[in-house]
Amino acid sequence: MRQRLPRAAAALAAVLMITGCTTNADVDTTKTTAIQPVAKDVSANDLVEGKAQFREANFGLAEQHFRKAVELKSDNAEAWMGLAASYDELGRFDFADRAYAQLLKVAGRKPQIVNNMGYSQLLRGNKKKARALLLEAKAGMADQTVVNANLALLDKG
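For the sequence shown, the residue numbers in mature numbering (1 follows the signal peptide of the UniProt record, and there is no 0) are -25 to -1, 1 to 132.
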């Protein structure tokens, strides 16, 4: 059996279906442009804290902050460099190699990066590879103080 709607409800339903939605003609249709917000580097705080922890030789804490910084901003070359160096100091050379590989993708093969890669090889005892990388870095650096110090460490050991 079909249920019957009262006449008033049926009439109201019919009116609503016929009229549908209407818009007010007084709506302002002026086009506007939004001012784009300045992009904030969300990784900056972790980068600063990572550097502070690294300077204090808290390499585990430095690694945590640098890792968070690259997770927040994957093209942050400075954070990748800090992360790789932290892994070097922690003796996690497998992770250091991954971080250096990503750093090279982000920043290119710069002398400062190659110097750090050479120092990483020095820490591992790979003297031949360390020397080749450090000499490559030295050839491209204007200020050779750091790379010369690394070469001196290599010659000591």
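Every residue, glycine too, gets a C-beta built ideally from N, C-alpha and C. Just so you know, these numbers come straight off a predicted model, no measurement behind them.
Per the C-alpha coordinates, the member of ASP50, TYR75, LEU47 and ASN51 positioned closest to ALA60 is TYR75. The continuous stretches of alpha helix (DSSP H) do not include VAL17, and DSSP gives it neither H nor E. Note on geometry: alpha-carbon atoms of MET116 and LEU126 lie some 14 Å from one another. Between ALA71 and SER49, the C-beta gap is not smaller than 7 Å, which leaves the two residues out of contact. About 14 Å separates the beta carbons of PRO86 and ALA124, which is beyond the 8 Å limit, so they are not a contact pair. Assignment of ASN91 by DSSP, reduced to helix, strand and coil, places it in the helix class.
Scanning GLY132, VAL122, LEU65 and HIS40 for the CA closest to the CA of GLN28 turns up HIS40. Distances from the CA of ALA114 to each of LYS104, ASP130, GLY132 and VAL89 were compared; the closest alpha carbon is that of VAL89. For ALA54, the enclosing alpha helix (DSSP H) stretches over residues 52 to 65. The three-state secondary structure of ALA82, taken from DSSP, is helix.
Going by beta carbons, LEU36 and VAL17 fall outside the 7 Å limit.
In the three-state reduction of the DSSP assignment, GLN119 falls in the coil class. Taking C-beta atoms under 8 Å as the contact rule, LEU97 and LEU128 qualify, at a distance of about 6 Å.
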